[in-house]
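**Q**
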Amino acid sequence: EEAMRKHALPYRLIGAVRFYDRREIRDLMAYLKLIANPADDEAFRRAVSVPRRGLGETTVEMLSERARGAGVPMLAAATRADLLEGMRPAARAALGDFATLLAGFRDRARTESVDALLRDLVDAIRYVEHLRAEGPEGEERIENVRELVTGAAEAVIEEGGEVGLTPLEHFLQRASLVAELDKLDPNADAITMMTVHNAKGLEFPLVFVTGLEDGLFPLARAFDDPKLLEEERRLFYVAVTRAEEKLYLTHARSRRRNGETMPSIPSSFLAPLAGNLVETKATMRLRATGRTVLPQSPAMRRPGSAVSWRKPSASPQDAEIEASQDAPRYVKGERVKHARFGGGVIAELSGTGKDTKVTVDFDDESIGRKRLVVAYAGLEREWD
Numbered sequence: 100e101e102a103m104r105k106h107a108l109p110y111r112l113i114g115a116v117r118f119y120d121r122r123e124i125r126d127l128m129a130y131l132k133l134i135a136n137p138a139d140d141e142a143f144r145r146a147v148s149v150p151r152r153g154l155g156e157t158t159v160e161m162l163s164e165r166a167r168g169a170g171v172p173m174l175a176a177a178t179r180a181d182l183l184e185g186m187r188p189a190a191r192a193a194l195g196d197f198a199t200l201l202a203g204f205r206d207r208a209r210t211e212s213v214d215a216l217l218r219d220l221v222d223a224i225r226y227v228e229h230l231r232a233e234g235p236e237g238e239e240r241i242e243n244v245r246e247l248v249t250g251a252a253e254a255v256i257e258e259g260g261e262v263g264l265t266p267l268e269h270f271l272q273r274a275s276l277v278a279e280l281d282k283l284d285p286n287a288d289a290i291t292m293m294t295v296h297n298a299k300g301l302e303f304p305l306v307f308v309t310g311l312e313d314g315l316f317p318l319a320r321a322f323d324d325p326k327l328l329e330e331e332r333r334l335f336y337v338a339v340t341r342a343e344e345k346l347y348l349t350h351a352r353s354r355r356r357n358g359e360t361m362p363s364i365p366s367s368f369l370a371p372l373a374g375n376l377v378e379t380k381a382t383m384r385l386r387a388t389g390r391t392v393l394p395q396s397p398a399m400r401r402p403g404s405a406v407s408w409r410k411p412s413a414s415p416q417d418a419e420i421e422a423s424q425d426a427p428r429y430v431k432g433e434r435v436k437h438a439r440f441g442g443g444v445i446a447e448l449s450g451t452g453k454d455t456k457v458t459v460d461f462d463d464e465s466i467g468r469k470r471l472v473v474a475y476a477g478l479e480r481e482w483d
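What follows is the structure in structure tokens.
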């Protein structure tokens, strides 16, 4: 979904909920919105109820009424003893703990990366334990939480952030744009994305089967279960027989997992497909900072092996700066391209090396002039 949006490709999902509409993503986004804006009562209502902390609807409504009467946001009301009078001691304590938790993260959000905030937030509210209590469906939701952390880690580097915005503000701005894009007509001519299960019985002129890596397809746990491995093989057969004219089978050389870039192993299902029927091609995307390789993990391990839901690692921003101490050199009047904002002309420059900032007048009048940090913006010269 992120790649489709980034390249402005219309798409539709079959048999799935769009990423930012999923319950677990909306839960965590409510926390982030409330950290960034303590006056967001809608975000407060959702966040204070998940996971359960002994606050019923009656208590939340009582707090809402008293907050309105006092002319303050609900989060501020949660810290005022006069507005909590008459509530159960346990409810007052829960509201106080909730407000204290958010205050701590608000202080950190001024400078820290969003992925670090998210990882610690998920731990602080015991959200993974909350999801695991749901059984198998909860495990799928935990995977989506990991993807949210990964997306947060890449957001600033991939798209560039406006000078003056905190990392969290930039991430929320980006998420808001995604929500607007999701309102576009789903029935327009678009790429159709679906699981292999949902593709059974259907055929298309052009088919892409992605993520063909051991640990993804087949699943990591299939290597220890012959029946599951055989089922995965049958699904692979279903996938490759959906194409009427052209079939593309893709795998990544490396993939970001839990904030760390790990090498990937091509799916074992690809081995029997050698010969004249297959044309092999490889691609590598180079960043504007001049890095030619992505950081690799110190040791290979089978994707999906037993690990914690999170794995501490250096932030992508740190890796970017360490790998390239000097930002690309630009000159006033030079034309550049930005992945989201499009083409534009450099109007001003300031700073040196990794601290270089540029002011760009973008061709799209609705975007106008923006000031960007070159090391994170991913700018390209328009003639590249």
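Be aware that the sequence shown starts at 100, since it is given in my numbering, and climbs by one per residue.
Glycine included, each C-beta is placed from N, C-alpha and C at the ideal position.
(1) With DSSP collapsed to three states, give me the class of P172.
(2) Tell me the start and end of each unbroken beta strand (DSSP E) in the region 281–364 that is at least 3 residues and wholly inside, in chain order.
(3) State the DSSP-derived secondary structure class of F484, mapped to helix, strand or coil.
(4) With burial defined as no fewer than 16 other Cβ atoms inside 10 Å of the residue's Cβ, what is the status of G314: buried or exposed?
(5) For A193, which residues from the same chain have a beta carbon less than 8 Å from its beta carbon, with the 5 sequence-adjacent residues on both sides left out?
(6) Check each candidate in A135, M173, R191 and name the one with the smallest Cα separation from R209.
(7) Report yes if the C-beta distance between Y130 and A289 is below 9 Å; otherwise report no.
(8) If you check the beta carbons only, do A180 and M173 fall under 9 Å apart?
(9) By a C-beta neighbour count over all protein chains shown, 10 Å radius and 16 as the cutoff for buried, is I113 buried or exposed?
(10) Check whether the Cβ atoms of A342 and P371 sit closer than 9 Å, and answer yes or no.
(11) Which residue from L348, A474, F368, V295 puts its Cα closest to that of E378?
(12) When you compare the CB positions of D214 and T158, do they come within less than 9 Å of one another, or not?
(13) According to DSSP, is E100 helix, strand or coil?
(14) In whole angstroms, what separates the C-alpha of G168 from that of A146?
(15) Could you check whether L311 and L369 sit closer than 9 Å to each other, using their CB atoms as the reference points?
(16) Tell me the DSSP secondary structure of V392 in three-state form.
(17) Pull the bridge partners of T458 from the DSSP assignment, please.
(18) Can you tell me which of the three DSSP states I376 falls into?
(19) Restricting to Cα atoms, I'd like to know which of A190, F335, G450 is closest to I367.
(20) Hey, out of E479, V339, L478, G443, whose CA is closest to D463's CA?
(21) When DSSP builds the beta bridges, which residues end up paired with L112?
(22) Kindly list the residues whose CB is nearer than 6 Å to the CB of E100, restricted to its own chain and excluding five residues on each side of it in sequence; keep chain order.
(23) Since H437 is in the beta strand (DSSP E), which residue starts that stretch and which ends it?
(24) Work out the CA separation of I364 and A476 for me, nearest whole Å.
(25) Output the boundary residues of the alpha helix (DSSP H) element that contains M128.
(26) Hey, could you find the ends of the alpha helix (DSSP H) E228 is sitting in?
(27) I need the straight-line Cα distance from I124 to F322, nearest angstrom please.
(28) At what residues does the alpha helix (DSSP H) containing F143 begin and finish?
(29) Thinking just about the alpha-carbon of each residue, which of M128, P317, E479, F316 is nearest to the one in L220?
(30) Is there a Cβ of chain B sitting closer than 9 Å to that of F461, yes or no?
**A** Looking at the coordinates:
(1) Here residue 172 refers to the residue found at position 73 when the sequence shown is read from its first residue. Coil, per DSSP.
(2) 290–292, 303–308, 342–348, 353–356, 359–362
(3) Outside the modelled stretch of the chain, which goes from 100 to 483, sits residue 484, for which no answer is possible.
(4) To locate residue 314, count along the sequence shown from 1; it is residue 215. Burial call: buried.
(5) In the sequence shown, the residue the question calls residue 193 occupies position 94. Result list for A193: R152, G153, L154, in chain order.
(6) As a working mapping, residue 209 is identified with position 110 in the sequence shown. Checked all of A135, M173, R191; the closest Cα to R209 is A135.
(7) As a first step, residue 130 is located in the sequence shown; it is residue number 31 there, counting from the start. As a first step, residue 289 is located in the sequence shown; it is residue number 190 there, counting from the start. No. Outside cutoff.
(8) Looking up residue 180 in the sequence shown gives position 81. Looking up residue 173 in the sequence shown gives position 74. No, these two residues do not count as a Cβ contact at 9 Å.
(9) On the sequence shown, residue 113 is found 14 positions in, with the first residue counted as 1. With fewer than 16 other Cβ atoms within 10 Å, it is exposed.
(10) Reading the sequence shown from its first residue, position 243 is the one you call residue 342. Reading the sequence shown from its first residue, position 272 is the one you call residue 371. No, the Cβ-Cβ distance between A342 and P371 is not below 9 Å.
(11) If you number the sequence shown from 1, residue 378 lands on position 279. If we check each option's Cα against that of E378, L348 comes out closest.
(12) Indexing the sequence shown from 1 puts residue 214 at position 115. Indexing the sequence shown from 1 puts residue 158 at position 59. No, these two residues do not count as a Cβ contact at 9 Å.
(13) Along the sequence shown, read from residue 1 onward, the residue named residue 100 stands at position 1. Reduced to three states, the DSSP call for E100 is coil.
(14) By 1-based counting over the sequence shown, the position of residue 168 is 69. By 1-based counting over the sequence shown, the position of residue 146 is 47. Roughly 22 Å between the two C-alpha positions.
(15) Working through the sequence shown from its first residue, we reach residue 369 at position 270. Working through the sequence shown from its first residue, we reach residue 311 at position 212. Contact: yes.
(16) Within the sequence shown, residue 392 is the residue found at index 293, counting from 1. With a pLDDT of 31 at V392, under the threshold of 50, the modelled position of that residue is not reliable, and the figure given next carries that caveat. Three-state result, V392: coil.
(17) Numbered from its first residue, the sequence shown carries residue 458 at position 359. Answer by DSSP bridge pairing, in chain order: E447, R470.
(18) On the sequence shown, residue 376 is found 277 positions in, with the first residue counted as 1. Note that residue 376 corresponds to Leu in the displayed sequence, not to Ile. It is coil, neither helix nor strand.
(19) Taking the sequence shown and counting its residues from 1, the one referred to as residue 367 is at position 268. Here residue 367 is Ser; the residue named in the question, Ile, does not match the sequence. Nearest C-alpha to S367: F335.
(20) Reading the sequence shown from its first residue, position 364 is the one you call residue 463. Out of E479, V339, L478, G443, G443 has the C-alpha closest to the C-alpha of D463.
(21) Here residue 112 is taken as the residue at index 13 of the sequence shown, counted from 1. L112 is bridged to M292.
(22) Position 1 of the sequence shown holds residue 100. Only F118 meet the Cβ criterion.
(23) Reading the sequence shown from its first residue, position 338 is the one you call residue 437. H437 -> beta strand (DSSP E) spans 434–437.
(24) For the purposes of this step, residue 476 is taken as residue 377 along the sequence shown, with counting starting at 1. For the purposes of this step, residue 364 is taken as residue 265 along the sequence shown, with counting starting at 1. Answer to the nearest angstrom: the Cα atoms are 30 Å apart.
(25) Position 29 of the sequence shown, counted from the start, is the residue given in the question as residue 128. Residues 122–135.
(26) Reading the sequence shown from its first residue, position 129 is the one you call residue 228. Counting along the chain, the alpha helix (DSSP H) containing E228 begins and ends at 226–231.
(27) What you label residue 124 is simply residue 25 of the sequence shown in a count that begins at 1. What you label residue 322 is simply residue 223 of the sequence shown in a count that begins at 1. In a straight line, the C-alpha of I124 is about 30 Å away from that of F322.
(28) Working through the sequence shown from its first residue, we reach residue 143 at position 44. Per DSSP, F143 belongs to the alpha helix (DSSP H) from 140–146.
(29) Numbered from its first residue, the sequence shown carries residue 220 at position 121. Nearest C-alpha to L220: M128.
(30) Among the protein chains of the structure shown there is no chain B, as only one such chain exists.
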